[in-house]
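**Student:** In this note's numbering, the protein residues as written are 3 to 98. Using N, Cα and C, we set each Cβ at its ideal position, and we do this for glycine too.
As structure tokens, this is what we get:
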């Protein structure tokens, strides 16, 4: 039985984390767009921007090589997803 190399395991973890971050980014983007349509207000632009930026960093994370750069991009993606969720909650509280 051949064991997976360290690089293969890292790529598998990056693919799984990237897919989960992509789904969360799409979820927050969709909810923010629906909120902006349902309760029009300029405050919805912040969670939409964070969600779009998180999708962009997820794309970059999945298409980079090396070890340090994907870790930095994964951290940035996590921060942007947390900001998108918090700002969407804030926007819903302000407009609802």
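Would you say the segment 40-49 touches the segment 9-19, given that touching needs at least three Cβ pairs under 8 Å?
**Tutor:** Contact fails: fewer than three Cβ-Cβ distances are below 8 Å.
**Student:** According to DSSP, is residue 69 part of a helix, a strand, or is it coil?
**Tutor:** Numbered from 1 along the chain shown, position 67 holds the residue referred to as residue 69. Looking at residue 69 - three-state DSSP - the assignment turns out to be coil, as it is neither helix nor strand.
**Student:** Check each candidate in 19, 84 and 70 and name the one with the smallest Cα separation from residue 55.
**Tutor:** For this step, residue 55 is matched to residue 53 along the chain shown. For residue 55, the nearest C-alpha among the options comes from 84.
**Student:** In the structure shown, what three-state DSSP assignment does residue 42 receive?
**Tutor:** For this step, residue 42 is matched to residue 40 along the chain shown. Residue state, collapsed to three classes: coil.
**Student:** Output needed for residue 33: all residues of its chain with C-beta closer than 7 Å, excluding positions within five of it in sequence on either side, in chain order.
**Tutor:** Numbered from its first residue, the chain shown carries residue 33 at position 31. Contacts found: 90.
**Student:** Are the Cβ atoms of residue 76 and residue 53 separated by less than 8 Å?
**Tutor:** Position 74 of the chain shown holds residue 76. Position 51 of the chain shown holds residue 53. For residue 76 and residue 53, no; Cβs fall outside 8 Å.
**Student:** Could you tell me if residue 2 is buried or exposed, where buried requires 16 or more neighbouring beta carbons within 10 angstroms of its beta carbon?
**Tutor:** Because the chain spans 3 through 98 in this model, residue 2 falls outside it and cannot be assessed.
**Student:** What's the C-alpha gap between residue 50 and residue 9?
**Tutor:** Locating residue 50 in the chain shown gives position 48, where the first residue counts as 1. Locating residue 9 in the chain shown gives position 7, where the first residue counts as 1. Going by the C-alpha atoms only, they are around 34 Å apart.
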